[in-house]
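A.B. asks:
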Amino acid sequence: MTASYPAIRLRRTRAHAWSRALHREHVLTPAELIWPLFVTEGDGVEQPIASLPGVSRWSVDGIVVRAKEAVELGIPCLALFPNTQPERRSEKGEEALNPDNLMCRAIRAIKDACGNDIGVLTDVALDPYTSHGQDGLIDEEGYVLNDATMEMLVKQALNQANAGADIIAPSDMMDGRVGAIRSALEEGNHANVQVMAYAAKYASAFYGPFRDAVGSGGLLKGDKKSYQMDPANSDEALREVALDIAEGADSVMVKPGLPYLDIVRRVKERFEVPVFAYQVSGEYAMIEAAAAAGAGDRDALVLETLLAFRRAGCSGVLTYHAAHAARLLNG
Ligand code: PBG
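Add 213 to the 1-based position in the sequence shown for my numbering, that's all there is to it.
Printed below as a string of structure tokens:
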């Protein structure tokens, strides 16, 4: 009788920690993280967000403290979102164009304190400024108008770039906006300001806590399905990405994150561009809820999910867990 044994033992390289380290295919470091932060009015203000346990809105002074923390942790970039005061919201979201709005003040304060030790990414879309919570200008039926919205977005992007934003990230999903923003930046003396396009952004149920955080949730009438993508589609994501690249995007984003890793992989395989993903508010809340319910180890869930983005092909990830993950990674 001959001994029966496996011809190949894949467990052999997994037997010891040194060997697992040696054979590891992908790594996660703080340098791959972008930290989204919510800005609010006032001084010394911290407002915890109930649907995002562990995440707060900070007034500009607090945002600067977070920015310095990020630099210390090795996080290369922040993403800013404003909680605009209700009285500054309007039908057309004009506050987005105010050079002294919350966003611009936060950008300037970060740049004054940290200079080029950290990048500042700013979201281009009107939802934190409109009284109806849609990302653009609407007609009588509530339909979001593409070209009229685009004119506002171009001005909003220039307003942010003038305040010192390093990466302009249009999250509105209007057709043609990346090209329009790119040429306005060139003409406006901002040749080195990057555009990261929210290229494949889906009409998702995972954005709920974010809308609480920026205060647009209660205002929103209807949904965003006439501009954000149908979760059933994947070929269409490649068309979105192709257009944004052709229009001059420096990098593209897929959003939400974990449920859409197949899209990340298809985009990465098709196009030779940096791909980012946004692990959105609902995903963050799910991890926190699982940990609070004793259904998983929080730190392990955070690091495993972030590594999954890297494996799928992401250059980096926007995540509310950025600071926590960086602390874990820095040991
Ligand atoms: C605004 C915007 C949204 C998010 C980022 N930018 C919400 C939306 O489109 O309704 C979601 C981020 C998150 O859920 O963490 N256009």
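Yeah, the Cβ is synthetic: ideal placement off N, Cα and C, and Gly gets one too.
Taking the alpha carbon of M316 as the reference point, which residue from L223, G495, G257, P295 has its own alpha carbon closest?
C.D. replies: Cα-wise, what sits closest to M316 is P295.
A.B. asks: Could you spell out where the beta strand (DSSP E) holding T335 opens and where it closes?
C.D. replies: 332 to 337
A.B. asks: Are the segment 463 to 476 and the segment 492 to 499 touching by the rule of at least three beta carbon pairs closer than 8 Å?
C.D. replies: yes
A.B. asks: Say the cut is 8 Å; is the CB of D441 nearer than that to a heavy atom of the ligand PBG?
C.D. replies: In the sequence on display, residue 441 carries Gln and not Asp. Checking every heavy atom of the ligand PBG against the Cβ of Q441, one is found closer than 8 Å.
A.B. asks: Would you kindly report the start and end of the unbroken beta strand (DSSP E) that includes V465?
C.D. replies: 464 to 468
A.B. asks: Do you know whose CA, among L514, G349, L265, R302, lies nearest S494's CA?
C.D. replies: Of the candidates L514, G349, L265, R302, the one whose C-alpha sits nearest the C-alpha of S494 is L265.
A.B. asks: Relative to the ligand HEM, is the shortest distance from any of its heavy atoms to the C-beta of F489 smaller than 8 Å?
C.D. replies: Absence of the ligand HEM is noted for the structure shown, with the ligand PBG being the only ligands found.
A.B. asks: What does DSSP give as the partner residue(s) for Y491 in the beta ladder?
C.D. replies: Y491 is bridged to L531.
A.B. asks: Do you know offhand how far V367's Cα is from C290's?
C.D. replies: C-alpha separation (whole angstroms): 22 Å.
A.B. asks: Alpha carbon to alpha carbon, what distance is there between H239 and R225?
C.D. replies: 19 Å
A.B. asks: Mapping the DSSP letters down to three states, classify Q407 as helix, strand or coil.
C.D. replies: strand
A.B. asks: Would you say L531 lies against chain B (beta-carbon separation less than 9 Å)?
C.D. replies: This model lacks chain B altogether; it includes just one protein chain.
A.B. asks: The alpha helix (DSSP H) with A525 in it runs from where to where?
C.D. replies: 511 to 525
A.B. asks: Please return the same chain residues whose Cβ sits closer than 6 Å to the Cβ of V333, not counting the five positions on each side in sequence.
C.D. replies: L291, I320, I323, A378, D379
A.B. asks: Is any non-hydrogen atom of the ligand PBG found closer than 8 Å to the C-beta of R233, if you look at the structure I gave you?
C.D. replies: Not a single heavy atom of the ligand PBG lies less than 8 Å from the C-beta of R233.
A.B. asks: Helix or strand or just coil, what does DSSP make of E300?
C.D. replies: helix
A.B. asks: Apart from the five residues on each side of it in sequence, which residues of its chain come closer than 6 Å, Cβ to Cβ, to R301?
C.D. replies: E308
A.B. asks: Going by the C-beta, is D388 closer than 8 Å to any heavy atom of the ligand PBG?
C.D. replies: no
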